[in-house]
Amino acid sequence: MFRREIAALDARDHANAARMQGWYLCPCCRFPTLTAREAYEVCPLCLWEDDGHDDIDAQALPPDSPNGRSLTAARRNFADHFDQFDAGTGPTSVTAPSRARANLLAYVARVRAGEKLGIEPFHTLLAACDD
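The opening residue of the sequence shown carries number 277 in our numbering; numbering runs sequentially from there.
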């Protein structure tokens, strides 16, 4: 099993990973939030830690996953409530969002309802969550 996991990791090639205006799309929420793929960068929107898992192994829950759930489960959670965690769980930024995060989530809801995503406004809202 370990050899199979290593072979699967070696077979990954994110050279052609989806990008939008220089940003990589998070494999969980599919918003342009990452500066690299498979770099264990945490998406500031859905809080998925990008360990390199993608569509090909979205159902799997690797024993060393920093996320504690499969990518498929995380995507379902994001579709339901805009983060990768099970409903009502997760860090305080998720369970008791700041005004800045609430503004970000309202924008994301509008985008999902059909409003065009603007990289600059989106990243301005993301940056406000860091303050």
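Where a beta carbon is used, it is the ideal one built from N, C-alpha and C, also for glycine.
{"Query": "Measure the C-alpha to C-alpha separation of Asp331 and Thr348 and round it to an integer number of angstroms.", "Result": "8 Å"}
{"Query": "On the premise that Leu402 lies in contact with Thr309, defined as a C-beta separation below 8 Å, what is that separation, rounded to the nearest angstrom?", "Result": "7 Å"}
{"Query": "Strictly by DSSP, which residues pair up with Leu310?", "Result": "Tyr300"}
{"Query": "Report the rounded CA-to-CA distance for Gln360 versus Cys405, giving the unit in angstroms.", "Result": "17 Å"}
{"Query": "What number of angstroms, rounded off, separates the C-alpha of Gly328 from the C-alpha of Tyr316?", "Result": "8 Å"}
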